[in-house]
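Here is the structure we will look at.
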Amino acid sequence: MAKIGVLGLQGAVREHVCAIEASGSEAVIVKHPEQLEALDGLIIPGGESTTMRKLIDKYQFMPALKQFADQGKPMFGTCAGLILLAKRVEGYDEPHIGVMDVTVERNSFGRQRESFEADLPIDGVAEEFTAVFIRAPHIVAAGENVKVLAKHEGRIVAARDGQFLGCSFHPELTDDHRLTDYFIGMVKEAREKNLV
Amino acid sequence: MKTGTDRVKRGMAEMQKGGVIMDVVNAEQAKIAEEAGAVAVMALERVPSDIRAAGGVARMADPRIMEEVMGAVTIPVMAKARIGHIVEARVLEAMGVDYIDESEVLTPADEEYHLNKREFTVPFVCGCRDLGEAARRIAEGASMLRTKGEPGTGNIVEAVRHMRKVNAQVRKIVGMDEAELMTEAKLLGAPFEVLLEIRKHGRLPVVNFAAGGVATPADAALMMELGADGVFVGSGIFKSENPAKFAKAIVEATTHYQDYELIAHLSKDLGAAMKGLEISSLAPEERMQDRGW
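Chains A and B supply the protein sequences, listed in that same order.
Start counting the first sequence at -19; every next residue gets the next number (my numbering).
Start counting the second sequence at 16; every next residue gets the next number (my numbering).
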């Protein structure tokens, strides 16, 4: 069974754990860098990206997260998680983990009163998916090897770059686990590749 | 595309889980809070202990303070409106504040009715001392709860009482059948449908933070241990001797609330915490938690 971690420093950790378990995999809440070694994949949840980044630095998570990515293990970031994965963040000189070949803009749909939910198609995942956007970022530009999976009003809101999956919205806030299933599929594929 | 749905409003609070929300009175304090890792700030004219000291009528803060704070940080900004003050709440919503606290820290504008929070696009957080109060606020449309505690005292005892009580009452109704639940609804003064939902999920349908008396890293960790989803710190940070250090220590203690060696380390040489108040020294009219119903 695939073992999937959820970075548990802050944010919607419990919801992702529920989604992973509902999809039939084992979920682990990750609070210390050493825990990453035993995992096949990692979800970085929604929350406050600034706060998560401070805690990542405080507990020296950064080298372990980068190494996790170097090993080819899949990572999935939702909302704040997407910001942490992106190689470029608009208005900032440095990215955070900086592994997914996209440029993101923070709070790009406005403040909380402008937060919304919308039904959209996600390529290869769902014809209609209820996406909950909360002070959400969006992908301003994607590298050439990045596959755009979903757009909302012309803006990229979900994409896959090889082992990395990211979305602006919060699949963990609905009972629709198809995007989590898709990620677990990525994890199983990567695991089989490593075993061969 | 829909704005202001329950999912969008409650979801915003879900994203704050495991975090610390700090009271600030200006841009400079807001930056210190953000730098320390706060998940949001509460923009106020005065922190609760100063409101207590000043006496008189406490109202919504000057919009300039909210503006200044919103311009200074990228994390969400919350602000307080008086209980039942429809216009203060609408003004805060119009300004683009991310979350409104319908708060007993301010002098209530309506002693009979809380706001009908369902009519707003912006989400609300409200205080509660027991499950009846929690369920009433949820039915009115609150998207997040917090203990009332006793604000501005630096004394954790009331927040502990309120958190324990709500959680014990949730556990109690989980095992009830519907006949028992109806009588419990009557006794609590709680809407039956809200209790049904709580029973079904085994927990409150919205997050419940600790508030009202958190003064040290150990206080914050204690509230997490008791089942809080996160922590509000009012006077505790900027009334301490070294706010930046204090703020960071409280954030870390909240994340790693069961790592006692770490909390020991964080609590070392922090400087003086805010001066606390014994609850029994408060006159009945000074008890903020008794405001609202």
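For each residue, glycine too, the CB sits at the ideal point set by N, CA and C.
Only a predicted model underlies this, so the values are computations on that prediction, with no experimental measurement involved.
Which residues in chain B have a C-beta closer than 8 Å to the C-beta of residue i? List them in chain order.
i	result
A/T31	G34, G52, A53, V54, I90 and V266
A/K11	T270 and H271
A/I114	V23, G26, M27 and M30
A/L62	In chain order: nothing, as chain B lies at least about 13 Å away.
A/L(-11)	G33 and T270
DSSP has residue i in a bridge; who is on the other side?
i	result
A/R135	A/H132
B/K17	A/E97
A/G(-15)	A/V8 and A/L22
A/L145	A/F56 and A/R140
B/G142	B/R161
B/S64	Beta-bridge pairing links B/S64 to no other residue.
B/A58	B/V39 and B/A94
A/N87	DSSP lists no partner for A/N87.
A/H150	Answer by DSSP bridge pairing: none, since A/H150 is not bridged.
B/N223	B/L160
B/V266	DSSP output for B/V266 lists no bridge partner at all.
A/A66	A/M80
A/H118	A/E85
A/A242	Since the first and last residues shown for chain A are -19 and 176, residue 242 of chain A lies out of range.
A/A111	A/A98
Are residue i and residue j touching if we call contact CB-CB under 9 Å?
i	j	result
B/G52	B/V35	yes
A/G146	A/G57	yes
B/A235	B/T198	no
B/K46	B/V88	yes
A/L182	A/G71	Residue 182 of chain A falls outside the range modelled here, since chain A spans only -19 to 176, and no answer is possible.
B/T168	B/L297	yes
B/G307	B/E83	no
A/K(-17)	A/S5	yes
B/A124	B/G99	yes
B/M57	B/E165	no
B/A94	B/A109	no
A/V128	A/F113	no
B/G217	B/G33	no
B/E267	B/L281	yes
A/S95	A/H118	no
A/F163	A/G21	yes
A/L141	A/V126	Checking the displayed sequence, the identity of residue 141 of chain A turns out to be Asp instead of Leu. Contact: yes.
B/Q184	B/L203	yes
B/A230	B/M178	no
B/A262	B/A48	yes
B/A288	B/S255	yes
A/M42	A/L65	no
B/L121	B/A96	yes
A/L159	A/F89	no
B/M238	B/I188	no
B/F253	B/Q31	no
B/V54	A/T31	yes
B/S158	B/A28	yes
B/A150	B/P206	yes
B/F139	B/K215	no
A/L100	A/A130	yes
So residue i contacts chain A; which residues on that side make the cut at Cβ distance below 7 Å?
i	result
B/V137	Q92 and R93
Would you mind telling me which residues of chain B sit closer than 7 Å to residue i, beta carbon to beta carbon, in chain order?
i	result
A/L145	The premise fails here: A/L145 is roughly 19 Å from chain B at the closest Cβ pair, so nothing lies under 7 Å.
A/K34	G52
A/K131	Those within 7 Å of A/K131 in chain B number zero; the least Cβ separation is about 13 Å.
A/L153	R22, G26 and E29
A/H150	G26
For the putative contact between residue i and residue j, defined by C-beta atoms under 8 Å, what is the C-beta separation to the nearest angstrom?
i	j	result
A/N87	A/R68	About 16 Å separates the two Cβ atoms, so there is no contact after all.
B/V181	B/C143	6 Å
A/A98	A/A111	6 Å
B/G111	A/R91	5 Å
B/G249	B/V106	Wrong, their Cβ atoms sit about 22 Å apart, outside the cutoff.
A/H(-4)	A/R33	Actually they are not in contact, since the Cβ atoms of A/H(-4) and A/R33 sit about 18 Å apart, beyond 8 Å.
B/G227	B/T162	6 Å
A/G26	A/H150	5 Å
B/A200	B/L210	5 Å
So with CB distances below 9 Å, who are the chain B contacts of residue i?
i	result
A/G26	G26, E29 and M30
A/Q40	Near A/Q40 there are no residues of chain B at all, since even the closest Cβ is about 13 Å away, more than 9 Å.
Sorry if obvious, but does the Cβ on residue i come closer than 8 Å to a heavy atom of the ligand NAD?
i	result
B/D65	The ligand NAD is not among the ligands present in this structure, which contains no ligands whatsoever.
Interface residues of the stretch 91 to 120 of chain B facing chain A [CB-CB below 7 Å]: Those residues of the stretch 91 to 120 of chain B placed with their C-beta closer than 7 Å to a C-beta in chain A are P91, E108, G111, D113 and Y114, ordered along the chain.
Residues in the stretch 73 to 104 of chain A having any Cβ partner in chain B nearer than 7 Å: For the stretch 73 to 104 of chain A, the set of residues with a beta-carbon nearer than 7 Å to any beta-carbon of chain B comprises R86, N87, R91, Q92, R93, E94, S95, F96, E97 and A98, in chain order.
Interface residues of the stretch 16 to 49 of chain B facing chain A [CB-CB below 9 Å]: Residues M16, K17, T18, G19, T20, R22, V23, K24, R25, G26, M27, E29, M30, Q31, K32, G33, G34, V35 and E49.
Residues in the stretch 252 to 277 of chain B having any Cβ partner in chain A nearer than 8 Å: V266, E267, T270 and H271: these are the residues of the stretch 252 to 277 of chain B whose beta carbon lies less than 8 Å from some beta carbon of chain A, given in chain order.
Selection of the stretch -8 to 16 of chain A by Cβ proximity to chain B, strictly under 8 Å: Within the stretch -8 to 16 of chain A, contact with chain B at the beta-carbon level (separation under 8 Å) is assigned to A(-8), V(-7), R(-6), E(-5) and K11.
Residues of the stretch 155 to 173 of chain A with Cβ closer than 8 Å to any Cβ of chain B, in chain order: Residues: none.
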